[in-house]
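Notes follow once the structure below has been shown.
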Amino acid sequence: MDSNTAMAPTIIHLRHEDKPLEHRSALTPTTAKALLDAGYTVNVERSPARIFDDDEFSSVGCSLVPTGSWREAPADHIIVGLKELPEEEFPLKHVHVQFAHCYKGSGGWETVLARFPRGGGALLDLEFLQDPNTGRRVAAFGYSAGFSGSALALKNWAWQQTHPATEPLPGVESYPNEGALIADIKGALEAARAKAGRLPRVIVIGALGRCGRGAVDMCLKAGIPDDHILKWDMEETAKGGPFQEIHESDIFVNCIYLTSKIPHFVNLESLKKPGRKLTVVCDVSADTTNPNPTVPVEGLEGEPLSVISIDHLPSLLPRESSEAFSNDLLPYLLKLNDWQNDPVWAGAKKLFDEKVKTLPKDALN
Ligand SMILES: NC(=O)c1ccc[n+]([C@@H]2O[C@H](COP(=O)([O-])OP(=O)(O)OC[C@H]3O[C@@H](n4cnc5c(N)ncnc54)[C@H](O)[C@@H]3O)[C@@H](O)[C@H]2O)c1
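Using UniProt numbering, read the sequence shown as starting at 1 and increasing by one per residue.
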């Protein structure tokens with residue numbers, strides 16, 4: 001199709017995100033405006049949680065619609081969101097663009113996935129939008145995850161220098177913007193430097209990837225000298241762990257994308273060796289759900305060791321992480337009016353069809 005003008009415009013419906021602590025958005029006022037300019041209609045659910053005010057969307061020309069109204073929207077509206085739908089049972093009649101986390105066999109995947117074929121709808125999962133030529137994901141939150149994870153690790157190290165070991169870092173709220181986060185981390189590091197007489201040494205593993213680049217950039221923006229940051233990727237870990245270099249760093253930020261079993265980078269035995277400087281580990285790669293930013297590691301003597309393991313790190317910077325993600329996605333969002341014939345969306349639909357075929361029969365009833 002060459003133009004939207006001859007036909008009724010494609011209607012995109014931006015959902016309110018229901019997940020607690022989720023302030024990010026798949027569309028931003030900037031990308032919504034680009035869609036409007038290209039002839040789309042963009043309906044935006046009012047959302048008290050979203051980092052962008054409702055007015056930011058209405059002022060660029062989007063129509064504001066009630067929170068949760070996607071359920072009653074006409075079947076040809078394309079429902080765009082970021083994270084999982086609320087846990088409900090009714091069959092889904094729309095095309096949904098979102099991260100659904102139901103393709104890797106995690107608990108309850110059948111129930112989540114079966115709702116789409118049961119209602120004649122489809123899932124175009126954002127995690128699996130790939131450039132057919134390079135196989136690379138077209139949009140991902142990795143950079144923001146590494147950036148935020150590294151920030152929390154620095155904040156945690158600074159806290160350790162200025163507070164007794166019995167007082168762990170309290171929970172953190174999201175920041176209104178990147179400047180506020182950097183100012184906070186710089187302030188904490190200054191206070192820590194005054195006390196400890198130095199800045200931390202950081203090792204980032206997976207430094208060439210999306211998360212790793214974000215982690216390194218955060219350290220630099222927070223004022224950590226470049227020679228205090230060890231940037232490792234495949235080449236440096238090829239010899240196999242555990243690694244003394246991790247032990248000798250103050251902070252370890254793990255950003256690797258692990259696809260097969262490899263020797264441990266650190267283990268309890270290596271951590272028990274005397275002379276450990278390492279006091280903070282941030283496992284950006286983590287796929288676990290942990291409501292607190294850090295957990296102390298038990299069974300170690302000497303310096304305390306905090307581990308940060310959060311699976312929604314980009315939520316710390318909802319504005320910038322949404323802007324970056326939605327901008328990367330925009331060229332593909334602009335193809336939604338003819339998604340069946342676009343290789344990236346059609347690839348996501350093919351994967352959906354394949355996954356639906358693996359559903360147990362009783363899940364479809
Ligand atoms: N916690 C969160 O909120 C969050 C958010 C986004 C992504 N992630 C996770 O972070 C991980 C990384 O994602 P990404 O988008 O940065 O991936 P990526 O593919 O862009 O980068 C991964 C990097 O790790 C390197 N690597 C892989 N194996 C290694 C090894 N054995 N030794 C050293 N380097 C190695 C690769 O060479 C690559 O440079 C994934 O597991 C992803 O699911 C977590």
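C-beta atoms are modelled at their ideal positions from N, C-alpha and C, and glycine is treated no differently.
Being a predicted model, the structure only gives us computed values, none of them experimental.
CA-to-CA distance, residue j to residue i, given in whole angstroms
| i | j | result |
| --- | --- | --- |
| residue 101 | residue 196 | 43 Å |
| residue 66 | residue 300 | 52 Å |
| residue 399 | residue 214 | Only positions 1 to 365 of the chain appear in the structure, and residue 399 is not among them; the question remains open. |
| residue 200 | residue 23 | 31 Å |
| residue 210 | residue 331 | 20 Å |
| residue 84 | residue 53 | 21 Å |
| residue 120 | residue 189 | 54 Å |
| residue 161 | residue 17 | 37 Å |
| residue 219 | residue 338 | 42 Å |
| residue 158 | residue 353 | 49 Å |
| residue 273 | residue 235 | 25 Å |
| residue 175 | residue 314 | 11 Å |
| residue 123 | residue 81 | 11 Å |
| residue 288 | residue 30 | Summary for residue 288: the model assigns pLDDT 46, below 50, so the residue's position carries little reliability; its value from the coordinates is reported in the next sentence. Straight-line Cα distance between these residues: approximately 32 Å. |
| residue 63 | residue 10 | 14 Å |
| residue 45 | residue 114 | 25 Å |
| residue 192 | residue 224 | 13 Å |
| residue 112 | residue 233 | 36 Å |
| residue 327 | residue 310 | 24 Å |
| residue 136 | residue 348 | 13 Å |
Residues bridged to residue i [DSSP beta-bridge criterion]
| i | result |
| --- | --- |
| residue 11 | 41 |
| residue 51 | Note: residue 51 sits in no beta bridge, so no partner. |
| residue 122 | 95 |
| residue 340 | Answer by DSSP bridge pairing: none, since residue 340 is not bridged. |
| residue 137 | 130 |
| residue 281 | 252, 307 |
| residue 64 | 44 |
Selection from the options that minimises the alpha carbon distance to residue i
| i | options | result |
| --- | --- | --- |
| residue 154 | 72, 167, 129, 229 | 229 |
| residue 226 | 246, 202, 236 | 202 |
| residue 169 | 177, 151, 176, 180 | 151 |
| residue 129 | 120, 98, 104, 113 | 98 |
| residue 70 | 15, 103, 124, 85 | 15 |
| residue 88 | 126, 324, 116 | 116 |
| residue 125 | 303, 344, 276 | 344 |
| residue 369 | 353, 348, 341, 312 | In the structure as shown, the chain begins at 1 and stops at 365. Residue 369 is therefore absent and cannot be evaluated. |
| residue 242 | 252, 258, 236, 266 | 266 |
| residue 316 | 43, 32, 149, 132 | 149 |
| residue 206 | 252, 108, 137 | 252 |
| residue 79 | 275, 27, 165 | 27 |
| residue 73 | 177, 8, 13 | 13 |
| residue 284 | 346, 257, 217, 77 | 257 |
| residue 156 | 45, 280, 110, 193 | 280 |
| residue 58 | 306, 39, 268, 32 | 32 |
| residue 276 | 286, 282, 249 | 249 |
| residue 167 | 212, 305, 361, 183 | 305 |
For residue i, the three-state DSSP class (helix, strand or coil)
| i | result |
| --- | --- |
| residue 79 | strand |
| residue 217 | helix |
| residue 211 | helix |
| residue 333 | helix |
| residue 204 | strand |
| residue 266 | coil |
| residue 69 | helix |
| residue 271 | helix |
| residue 190 | helix |
| residue 30 | helix |
| residue 57 | helix |
| residue 90 | coil |
| residue 327 | helix |
| residue 172 | coil |
| residue 17 | coil |
| residue 360 | coil |
| residue 349 | helix |
| residue 354 | helix |
| residue 199 | coil |
| residue 84 | coil |
| residue 183 | helix |
| residue 22 | coil |
| residue 117 | helix |
| residue 258 | coil |
| task | Please specify which runs of the alpha helix (DSSP H), each continuous and at least 4 residues long, are wholly inside the region 219 to 253, giving them in chain order. | result | 234 to 237, 244 to 247
| task | Entirely within the region 295 to 321 and at least 3 residues each: give me those beta strand (DSSP E) ranges in chain order. | result | 306 to 308
| task | Scan the region 139 to 169 and note each continuous beta strand (DSSP E) run of 3 residues or more that stays entirely inside, going in chain order. | result | none
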